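Protein chains: 2
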Amino acid sequence: MTDNYYAVIMAGGGGTRLWPLSRQSRPKQMLQLIDDHTLFQIAVHRLESLFPPERILVVTNQEHSIELCKQAPELLEENFLLEPQPRGTAPAIGLAAAFLHRRAPDAVMAVLTADHYIGNEAEFRSHLLAAKELALKDHLVTLGIDPTYAATQYGYIQMGESLGETGGYPAYKVQRFKEKPDAVEAQKMLEAGFYAWNSGMFIWKVERIWAEFAHHMKKLHAALEKISQAWGQPDFEKVRNYEWPRIAAQTIDYGIMEHAKEVAVIPAKGMEWNDVGSWSSLFEVLGVDSSGNLVRHEKHLDFDSRNSLVHSNGQDRMIVTVGIQDLVVVDTGDVLLICSKERSQDLRKVIERLKEKGLQRYL
Amino acid sequence: MTDNYYAVIMAGGGGTRLWPLSRQSRPKQMLQLIDDHTLFQIAVHRLESLFPPERILVVTNQEHSIELCKQAPELLEENFLLEPQPRGTAPAIGLAAAFLHRRAPDAVMAVLTADHYIGNEAEFRSHLLAAKELALKDHLVTLGIDPTYAATQYGYIQMGESLGETGGYPAYKVQRFKEKPDAVEAQKMLEAGFYAWNSGMFIWKVERIWAEFAHHMKKLHAALEKISQAWGQPDFEKVRNYEWPRIAAQTIDYGIMEHAKEVAVIPAKGMEWNDVGSWSSLFEVLGVDSSGNLVRHEKHLDFDSRNSLVHSNGQDRMIVTVGIQDLVVVDTGDVLLICSKERSQDLRKVIERLKEKGLQRYL
Numbered sequence: 001m002t003d004n005y006y007a008v009i010m011a012g013g014g015g016t017r018l019w020p021l022s023r024q025s026r027p028k029q030m031l032q033l034i035d036d037h038t039l040f041q042i043a044v045h046r047l048e049s050l051f052p053p054e055r056i057l058v059v060t061n062q063e064h065s066i067e068l069c070k071q072a073p074e075l076l077e078e079n080f081l082l083e084p085q086p087r088g089t090a091p092a093i094g095l096a097a098a099f100l101h102r103r104a105p106d107a108v109m110a111v112l113t114a115d116h117y118i119g120n121e122a123e124f125r126s127h128l129l130a131a132k133e134l135a136l137k138d139h140l141v142t143l144g145i146d147p148t149y150a151a152t153q154y155g156y157i158q159m160g161e162s163l164g165e166t167g168g169y170p171a172y173k174v175q176r177f178k179e180k181p182d183a184v185e186a187q188k189m190l191e192a193g194f195y196a197w198n199s200g201m202f203i204w205k206v207e208r209i210w211a212e213f214a215h216h217m218k219k220l221h222a223a224l225e226k227i228s229q230a231w232g233q234p235d236f237e238k239v240r241n242y243e244w245p246r247i248a249a250q251t252i253d254y255g256i257m258e259h260a261k262e263v264a265v266i267p268a269k270g271m272e273w274n275d276v277g278s279w280s281s282l283f284e285v286l287g288v289d290s291s292g293n294l295v296r297h298e299k300h301l302d303f304d305s306r307n308s309l310v311h312s313n314g315q316d317r318m319i320v321t322v323g324i325q326d327l328v329v330v331d332t333g334d335v336l337l338i339c340s341k342e343r344s345q346d347l348r349k350v351i352e353r354l355k356e357k358g359l360q361r362y363l
Numbered sequence: 364m365t366d367n368y369y370a371v372i373m374a375g376g377g378g379t380r381l382w383p384l385s386r387q388s389r390p391k392q393m394l395q396l397i398d399d400h401t402l403f404q405i406a407v408h409r410l411e412s413l414f415p416p417e418r419i420l421v422v423t424n425q426e427h428s429i430e431l432c433k434q435a436p437e438l439l440e441e442n443f444l445l446e447p448q449p450r451g452t453a454p455a456i457g458l459a460a461a462f463l464h465r466r467a468p469d470a471v472m473a474v475l476t477a478d479h480y481i482g483n484e485a486e487f488r489s490h491l492l493a494a495k496e497l498a499l500k501d502h503l504v505t506l507g508i509d510p511t512y513a514a515t516q517y518g519y520i521q522m523g524e525s526l527g528e529t530g531g532y533p534a535y536k537v538q539r540f541k542e543k544p545d546a547v548e549a550q551k552m553l554e555a556g557f558y559a560w561n562s563g564m565f566i567w568k569v570e571r572i573w574a575e576f577a578h579h580m581k582k583l584h585a586a587l588e589k590i591s592q593a594w595g596q597p598d599f600e601k602v603r604n605y606e607w608p609r610i611a612a613q614t615i616d617y618g619i620m621e622h623a624k625e626v627a628v629i630p631a632k633g634m635e636w637n638d639v640g641s642w643s644s645l646f647e648v649l650g651v652d653s654s655g656n657l658v659r660h661e662k663h664l665d666f667d668s669r670n671s672l673v674h675s676n677g678q679d680r681m682i683v684t685v686g687i688q689d690l691v692v693v694d695t696g697d698v699l700l701i702c703s704k705e706r707s708q709d710l711r712k713v714i715e716r717l718k719e720k721g722l723q724r725y726l
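Chains E and A, in that order, give the protein sequences. Going by our numbering, the first residue of the first sequence is number 1, and it counts up by one from there. Going by our numbering, the first residue of the second sequence is number 364, and it counts up by one from there.
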């Protein structure tokens, strides 16, 4: 266990990239994608040897908090911080920073994700310890991911001057945050070799990030200050529900990271990180059989299929695949998705069309 | 209407080639594949202007007869001839021949199919009239189908010496019946040009075919004679249920047609015949949209798919297809089949595997 170190799990997301399994009412972090634990449960469990439950916070919304509380009963109910509406990562992180600024202003906080896969958890925890060390030297630290291919679905971090080693890992000044690139740019960055993927994991002193909010996001800081002052008071909900809807949506990258000084990155290798951001990424995490298939359904018969995913929670349906190739088949009972693997990265169009057609019940 | 001409619809089949839609308990002829009439209803309706109901017989089994009676209430219940067990086309046709040999020995009978598609029904009826004319000259007539491609799933008939015109159509002596060919043979026969597909439709005098049974299939003839003598008697079922199981299974082609003399073929063109013998044949019958797709499901969203079939009777399920190609997707609620189009001709392996695994409930 570390002293005075808090974990903040960002669990408010409602991603649709694993649609139709992930739904508005049951987003990715609540799904048992890897084993019989949900991604959220796994995200909590991998913190256990580093953070006692009272030092694990969860930022989410009212609706999700009920299910998440059930999934992790070891966490304290008061440590669930609720966003009345989604406003992006800056307000969500700001909420946690405001809370900690009152409770433990001298602490370091690690902003972590609820719905990513991390294969090597010991390596992950070592990185968190290394990052804390650097944060204590007043850096805003981000955990980068060492790129393994020319991904176009992540933001990139350009690494600059070396900051030496911290906790056994090399650290660098951040030269530039770069938005999701196209395929050509991605290939260039991969070959250039001084870029890391932006994982969305940040480690910093509470005091330091709170000052950054005050400096770069004055309105948000003021609103959070009011909410924070009302904490534990009878009018808390009234204050929060007045202030929050008036907050402008913003990401922490745009709002703070791109403007702040002393921003550092530790490029993580060996963590076996995967954002499980598409059906095809499940192939990487879970592995495939000798025909390249990944089958997650008991009642399934296959004849000569290759490189395909079959996932079903319609337990009673017999699924038969014959000679299919490079397909993603997902059956949730109410929805059946059959998608070519190369298109599985992008289900946004489907979601948009369903909305247009008033078919919200499938979202 | 024609005088003394009987239609015998062979409706005992339990084909699995349109599995999972066609099932043991609900074979192809009972399905609404083309419109909101079943193939059996369509097979009956297209005879109406030629045969009064009392001259339409149906050969089927006990189980299917209940549903078929419901589907065609205009037919007489006594005209449903029941096979206690399936024994192939020779005994089934023999049963009808035995029945007619008692009721109308001077009649001509047309053996017809219950589960084929015929686009041009007027042309079909003209062929039946032409065939009757030739049958009255003591020929065993078969309706051939003029081949449109090198099909490997049909038997072929080699046409010999011309028999001149009959009812406006050219007729030929049958030189040889040929089993389902391989692709090379099929191509040769298509190019040679004097072959027709064996449609399984036969027209002959009752007296003549009955004599052929007596000559070529003595044991079957004797058994049918006993069953026929018991018709209308109190011990009919007892006699039939004793004789029938002892009958050897045989096709009419092997049992009689390949050995008989004066076998003729009328090669039918323009009937728009299709045996609807596979999922891909439905594309030919029903036509496709501008992307080559055939969709038979209301709740369906597609993004850029091509040459694919989506058929569902799971009415409440939303089916979404993204970028799929050359696929057959059939959803029956309890079963989901996803099959590459080129494999859709052959679902036998699936059926065999289900049997091996004791999954008869899906057959």
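Ideal Cβ placement from N, Cα and C applies to all residues, glycine included. Quantities reported herein were computed from a predicted structural model and do not represent experimental measurements.
C-beta atoms of residue i and residue j nearer than 8 Å
i, j, result
"methionine 373/A", "isoleucine 481/A", "no"
"leucine 506/A", "serine 562/A", "yes"
"methionine 620/A", "leucine 503/A", "yes"
"methionine 109/E", "tyrosine 6/E", "yes"
"glutamine 392/A", "phenylalanine 403/A", "yes"
"threonine 423/A", "glycine 375/A", "yes"
"glutamine 153/E", "glycine 277/E", "yes"
"valine 648/A", "asparagine 656/A", "no"
"leucine 384/A", "threonine 695/A", "yes"
"glycine 164/E", "lysine 178/E", "no"
"valine 239/E", "alanine 230/E", "yes"
The beta strand (DSSP E) enclosing residue i, as first and last residue numbers
i, result
"aspartate 370/A", "Note that residue 370/A is alanine in the sequence shown, not aspartate. Run containing alanine 370/A: 368-373, per the beta strand (DSSP E) assignment."
"tryptophan 204/E", "195-205"
"glutamine 175/E", "169-178"
"valine 639/A", "First-last for valine 639/A: undefined, no H or E at that position."
"methionine 552/A", "No beta strand (DSSP E) holds methionine 552/A; the alpha helix (DSSP H) holding it covers 546-555."
"threonine 529/A", "519-529"
"phenylalanine 443/A", "443-446"
"phenylalanine 303/E", "300-303"
Host alpha helix (DSSP H) of residue i (start-end)
i, result
"phenylalanine 487/A", "484-499"
"serine 65/E", "62-71"
"glutamine 345/E", "Where glutamine 345/E is concerned, there is no enclosing alpha helix (DSSP H), given that its DSSP letter is neither H nor E."
"alanine 406/A", "402-408"
"arginine 102/E", "89-103"
"leucine 583/A", "581-593"
Option in the options with minimal Cα separation from residue i
i, options, result
"isoleucine 397/A", "Glu446/A, Ala461/A, Leu526/A and Asp478/A", "Asp478/A"
"asparagine 313/E", "Ile56/E, Gly12/E and Gln32/E", "Gln32/E"
"glutamate 342/E", "Arg125/E, Leu75/E, Ile319/E and Leu309/E", "Leu309/E"
"alanine 627/A", "Glu524/A, Glu440/A and His579/A", "Glu524/A"
"proline 608/A", "Arg386/A, Leu445/A, Val421/A and Glu437/A", "Leu445/A"
"leucine 420/A", "Arg380/A, His400/A, Phe462/A and Ile687/A", "Phe462/A"
"isoleucine 572/A", "Ala555/A, Ile615/A, Gln434/A and Lys601/A", "Ile615/A"
"leucine 499/A", "Pro468/A, Ala485/A, Phe487/A and Gln448/A", "Pro468/A"
"threonine 684/A", "Gln233/E, Asp346/E and Lys226/E", "Asp346/E"
Contact with chain E by residue i, beta-carbon distance below 8 Å
i, result
"isoleucine 682/A", "yes"
"phenylalanine 666/A", "yes"
"cysteine 432/A", "no"
"valine 685/A", "yes"
"leucine 463/A", "no"
"arginine 706/A", "yes"
Opposing strand residues paired with residue i [DSSP bridges]
i, result
"glycine 144/E", "Asn198/E and Pro267/E"
"asparagine 676/A", "Asparagine 676/A is not bridged to any residue."
"methionine 472/A", "Tyr369/A and Trp567/A"
"tyrosine 480/A", "Asn637/A"
"glutamine 688/A", "Arg669/A"
Cutoff 8 Å: residue i Cβ touching any chain A Cβ
i, result
"tyrosine 149/E", "no"
"arginine 103/E", "no"
"leucine 17/E", "First, the amino acid is wrong: residue 17/E is arginine here, not leucine. Output row for arginine 17/E: interface = no."
"lysine 349/E", "yes"
"glycine 167/E", "no"
"aspartate 253/E", "no"
"leucine 327/E", "yes"
"threonine 338/E", "The sequence as given places isoleucine at residue 338/E; threonine does not occur at that position. Yes, contact with chain A."
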